[in-house]
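Visitor: Using UniProt numbering, the first residue of the sequence shown is number 1, and each one after it goes up by one. Note that CB positions come from ideal geometry on N, CA and C, so glycine has one too. Please read all numbers here as calculations on a predicted model, not as lab measurements. Take this structure first; my questions come after.
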Amino acid sequence: MLDKSYVVPWGKRGSMSTGAQAAVLAELVHESTPLPAGTRRERFERSFAESVGSRHAISVNSAAVALHMAIRMLDLAPGDEVIATPQTHRATVQPLLDHDVRVRFCDIDPTTLNLDPAALEALITPRTRALLLVHYGGCPAEMDTVMTLARHHGFLVLEDCVHALGARYRGRSPGSLADIATFSLHNDRAGTVLGEGGLITCDRDDWAQRLHQLRAHDTDTRTAHPRPARAPEPGVPAGATYTTPLQRGRVRRPGSDATMPEAVAALGQAQLAGVETAAAKRRALAGRLDEALARYPFLTPQSAPAHSTHAYHLYTCFAGHQELRDRLVLALDRRGVEIQLRYFPQHLLPQWRHRGHLRGECPVAERSWFEQHLNLPCHALLTPHQEDYLIEALDGSLAELNGGAPVPATVPATVCGQR
């Protein structure tokens with residue numbers, strides 16, 4: 001991380017919790033409720049599933065763990081093929097390195113940065129077992145087309161909804177559009193708790209049962225004829241009774257301790273009501289950024305289908321070429337606006353190049369990263385003064401690039417101390 005303070009930081013700093021929400025934690029500390037897991041976690045899972053429109057929601061301690069566990073539900077076998085987006089954080093596809101499968105990276109649409117349905121169809125073979133996609137930046141992927149292809153060819157779809165809390169696709173929430181989905185409560189996300197947290201949503205009862213077992217040290221197994229046990233092994237004190245039934249069946253892999261603590265679940269429950277408000281605030285700022293870009297033809301915003309509602313976890317725009325993008329980034333940086341590029345094409349990371357993936361495999365994703373796209377600050381914790389300053393700084397930077405003299409932005413007094 002660069003040691004630099006920005007007037008308008010790219011990502012939010014700290015928790016989005018209000019005083020009333022933080023009071024929930026104080027209440028919890030003074031209760032005798034078990035802190036590793038309890039009724040608050042169960043309540044949060046029910047509320048989250050209802051808000052998304054899914055039958056089940058299983059909470060875990062991070063989104064990365066959620067992805068690992070969700071991918072295990074796909075029951076990948078040696079020789080299977082998995083299609084995945086290259087336009088994502090490495091956590092989306094990294095669990096696939098644990099499986100003896102062939103990963104095929106699918107190129108993206110140049111205007112949305114979501115999977116290109118035509119490129120997806122061209123990659124499908126009889127060995128295709130699953131698809132991993134992301135609603136990039138909070139812009140929903142074309143799920144009708146994706147799910148039609150999945151049902152026709154018989155593969156499963158996992159949607160990584162790390163950006164999509166608050167988005168809609170034809171009136172439905174991401175997380176209910178595919179076979180299984182994952183969400184993040186990391187500090188950078190639309191819903192944030194105490195730094196880390198994740199959820200898995202699905203409609204299948206058998207998957208929900210397996211996921212509950214996996215996160216609580218149990219084995220991933222197909223249960224057959226569970227029975228209680230009373231001191232069956234030598235060395236166990238006589239009369240000891242086990243409250244968990246013994247499982248008889250085929251064990252796939254061991255489980256892990258992935259439990260979401262009660263404090264995280266309690267805060268998550270308190271914050272659910274504010275998800276739509278935060279998304280609306282980001283959409284309003286995105287509208288102002290769109291208006292600023294509209295005055296300059298050499299920069300265009302990310303497209304969003306008319307039948308979708310963008311969550312704007314990321315605000316993405318595109319420059320015509322690399323030199324123009326680099327000049328804009330430098331101009332904004334001088335004015336105290338932090339810019340980031342998300343994400344480096346996954347197929348070009350060392351762990352995937354080691355598996356034979358090369359440059360040229362996903363030319364649209366590569367061109368977008370190396371030459372065109374950039375992400376402007378767009379989050380719910382920006383103050384009104386910071387939002388105004390961002391628009392002024394963007395307009396001044398674009399005017400400078402358009403041939404005018406450099407236009408300094410006037411730093412509002414309320415944020416001068418952050419520079």
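Let me check one thing: in DSSP terms, what residues is L71 bridge-paired to?
Guide: Checking the displayed sequence, the identity of residue 71 turns out to be Ile instead of Leu. Beta-bridge pairing links I71 to no other residue.
Visitor: As a quick exercise: from R295, G198, L330 and A294, pick the residue whose alpha carbon is nearest that of P261.
Guide: G198
Visitor: Are R43 and A265 close, meaning C-beta to C-beta below 9 Å?
Guide: yes
Visitor: Counting beta carbon pairs with one atom in the segment 115-130 and one in the segment 75-87, are three or more of them shorter than 8 Å?
Guide: As far as the Cβ criterion goes, the segment 75-87 touches the segment 115-130, which means the pair count is three or higher.
Visitor: Could you tell me whether the Cβ atoms of L113 and Q302 are closer together than 9 Å?
Guide: yes
Visitor: Between A380, D179, A70 and S5, which has its C-alpha nearest H212's C-alpha?
Guide: When each option's Cα is compared against that of H212, the closest is A70.
Visitor: In the DSSP assignment, what residue or residues form a beta bridge with Y169?
Guide: R172 and S308
Visitor: Between L401 and A393, what straight-line distance do the alpha-carbon atoms span, to the nearest angstrom?
Guide: 12 Å
Visitor: Quick check for students: name the residue ranges of the alpha helix (DSSP H) that lie wholly in the segment 296-377, counting only runs of 4 or more.
Guide: Runs of the alpha helix (DSSP H) inside the segment 296-377: 322-334, 350-353 and 363-367.
Visitor: Going by the CB atoms, is the gap between H163 and H313 shorter than 9 Å?
Guide: yes
Visitor: Which residues bound the beta strand (DSSP E) around F105?
Guide: R102 to F105
Visitor: Applying the 10 Å Cβ sphere with the 16-neighbour rule, what's the burial state of P174?
Guide: buried
Visitor: Who are the Cβ neighbours of L28 in its own chain at under 7 Å, not counting the five residues just before and after it?
Guide: Excluding sequence neighbours, L28 sits near E262, A263 and A266.
Visitor: Buried or exposed for S5, going by 16 or more other Cβ atoms inside 10 Å?
Guide: exposed
Visitor: Within the same chain, show all residues whose beta-carbon is closer than 6 Å to that of C202, passing over the 5 residues directly before and after it, in chain order.
Guide: Excluding five sequence positions before and after C202, the CB atoms of its chain that fall closer than 6 Å to its own CB belong to H56 and I180, given in chain order.
Visitor: Have a look at G166 and H321 and give me their C-alpha separation to the nearest angstrom.
Guide: 32 Å
Visitor: Residues in the same chain with beta-carbon distance under 7 Å from G403, minus the five sequence neighbours each way, listed in chain order, please.
Guide: none
Visitor: With a threshold of 7 Å on Cβ separation, who are the neighbours of D333 within its own chain once the five nearest residues in sequence on each side are excluded?
Guide: I339
Visitor: For V65 and R295, what's the separation of their Cα atoms in angstroms?
Guide: 44 Å
Visitor: Give me the Cβ distance between D206 and T182, rounded to the nearest whole Å; I'm assuming they're in contact under 8 Å.
Guide: Rounded, the Cβ-Cβ distance is 18 Å, inconsistent with contact.
Visitor: Which of the three DSSP states is assigned to T92 in this structure?
Guide: T92: helix per DSSP, three-state reduction.
Visitor: Determine the extent of the beta strand (DSSP E) in which D160 is found, giving its start and end residues.
Guide: L156 to D160
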